[in-house]
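>
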Amino acid sequence: MMISQPDLAALLCSRLCHDLVSPVSAFGNGLELLEHENDPAMRDSCTQLLAQSARVAADKLTFFRYAFGAAGSSVQEMPVAEMRELITALAAGGRDVALEWGIAADTLPGPAAKLLLNMAAIGLDTLVRGGVLAIAAERRGGDVEIAIRAEGDRIAMDRDIGRALDGTLPPHQLSARTAPAALVRQLAQAHGGTVQQAQGDGVLVMGATIGAPADAGADG
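Dropping the structure here:
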């Protein structure tokens, strides 16, 4: 499975817009309520809604700036602490998810960091009833090994997302929903790596390896 960079970029933009619709709409609703509300307690509730919606939207924009955009492609080394902040903020905007962190390194190469962020987001999306997201990575010479484990009462993993990770989803069947998984696959391949995923009862495990880029301009 290969998809052109312009097509993949368009699908990722659609995914970003989809994820921003809810917090931005909530922000607009809060402003409308605030305009017509005179009760102090209700105005305070509206203000809290506005603050929460703005925070969620800002967290998503910052996360996807690195996961999808040039910011994640251009950095040579990304601090692990910064990645942890991005994923923690993204998790806080949705369901009750506990994060387990298993990265001893202080930094990861930019392509590996981008790969990890996208895999973590896929894992978070599957935890529809909350659960635990375990994130691990290890540097081995010039290579990086990444492991993501999502575990909860229910794992909602779309079959096509799994096929996009495996590289078996035809390009014409890609959508905004499956584009991040296709990005993971292409990014790993462009840097001489691989991607695997397996599902069980209440658990999803994803693994990836990534090394030196086969083509410096391949990850876009």
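Using this note's numbering, you'd call the opening residue of the sequence shown number 1194 and step up by one each time. All C-beta atoms, glycine included, are put in the ideal place defined by N, C-alpha and C.
1) Measuring CA to CA, which of Arg1378, Thr1300, Leu1310 is closest to Lys1253?
2) If you draw a straight line from the alpha carbon of Asp1336 to that of Leu1380, how long is it in whole angstroms?
3) Compare the beta carbon distance of Ile1403 and Leu1358 with 9 Å and say whether it is the shorter of the two.
4) Please tell me whether Val1377 and Leu1308 are closer than 9 Å, where the distance is taken between their beta carbons.
5) Starting from the C-beta of Val1398, find all residues in its chain whose C-beta is less than 6 Å away, skip the five residues before and the five after it, and write them out in chain order.
6) Go ahead and pull the three-state DSSP assignment for Asp1252.
7) Which parts of the stretch 1358 to 1388 are runs of the alpha helix (DSSP H), unbroken and 4 residues or longer, counting only runs that do not cross its ends?
8) Does DSSP put Gly1276 in a helix, in a strand, or in coil?
9) Would you decide whether Ala1306 is buried or exposed? Buried here means 16 or more other CB atoms lie within 10 Å of its CB.
10) With distances taken Cα to Cα, identify the nearest neighbour of Leu1224 among Leu1209, Gln1245, Arg1208.
11) Which term fits Asp1232, buried or exposed, when burial requires 16 or more other beta carbons within 10 angstroms of its beta carbon?
12) Can you give me the Cβ contacts of Leu1213 inside the same chain, cut-off strictly under 8 Å, excluding the 5 residues immediately before and after it?
13) Among the residues of its own chain, which have a CB less than 6 Å from the CB of Glu1331, if the five just before and after it don't count?
14) Do you know how far the Cα of Ala1383 is from the Cα of Ala1407?
15) Does DSSP put Gln1392 in a helix, a strand or coil?
16) Helix, strand or coil for Gly1324, going by three-state DSSP, please let me know.
17) For Cys1210, count neighbouring Cβ atoms within 10 angstroms of its own Cβ and tell me buried if that reaches 16, exposed if not.
18) Could you check what DSSP says for Arg1347 in three-state terms: helix, strand or coil?
19) For Gly1400, which residues does DSSP report across the bridge?
Looking at the coordinates:
1) It is Leu1310.
2) Taking the straight line joining both Cα atoms gives about 14 Å.
3) no
4) Yes, these two residues count as a Cβ contact at 9 Å.
5) Arg1342, Ala1391
6) helix
7) The stretch 1358 to 1388 contains these whole alpha helix (DSSP H) runs: 1372 to 1383.
8) Before going further, note that residue 1276 is Met rather than Gly in the sequence given. Note: Met1276 maps to helix in three-state DSSP.
9) buried
10) The residue with the shortest Cα to Cα distance from Leu1224 is Gln1245.
11) exposed
12) Ala1250, Lys1253, Leu1254
13) Cβ neighbours of Glu1331 beyond the five flanking positions: Glu1338.
14) Because the pLDDT at Ala1407 is just 48, under 50, the model does not fix this residue reliably, and the value given afterwards should be weighed accordingly. Taking the straight line joining both Cα atoms gives about 6 Å.
15) strand
16) For Gly1324, the three-state secondary structure derived from DSSP is strand.
17) exposed
18) coil
19) Ala1340, Gln1389.
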